[in-house]
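Structure record follows, encoded as structure tokens.
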Amino acid sequence: MSKAISQVPFAQNEPVKTYAPGSAEVKSLIATYKKCMLKNWKYQWLSVERTLRQKKK
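Structure representation (structure tokens):
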């Protein structure tokens with residue numbers, strides 16, 4: 071068993087967000103969601119284009 075004396079950091083929780091309708095938190099969340107969906111759609115479309123090009127050959 072170790073004889074070292076260690077100090078455990080104090081536990082802190084994240085702040086609780088309300089996500090009330092029309093709040094800045096909701097607007098930020100929706101903006102992030104739309105950004106992720108557009109990015110995902112872009113990669114899906116590139117995959118479809120690649121598949122179509124391969125079928126034409």
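When we follow the working numbering, the leftmost residue of the sequence shown carries the number 71, and every step to the right adds one. Cβ atoms here follow ideal geometry from the backbone N, Cα and C, with glycine treated the same way.
Where residue i sits in the DSSP three-state scheme
| i | result |
| --- | --- |
| E119 | helix |
| N83 | coil |
| K104 | helix |
| Q77 | coil |
Spatial distance of residue i from residue j (CA atoms)
| i | j | result |
| --- | --- | --- |
| A89 | N110 | Note that residue 89 corresponds to Tyr in the displayed sequence, not to Ala. Those two C-alpha atoms are separated by around 25 Å. |
| T209 | Y113 | Since the first and last residues shown for the chain are 71 and 127, residue 209 lies out of range. |
| G92 | R123 | 45 Å |
| E95 | K87 | 8 Å |
| T121 | S98 | 35 Å |
| K73 | C106 | 49 Å |
| K104 | E84 | 24 Å |
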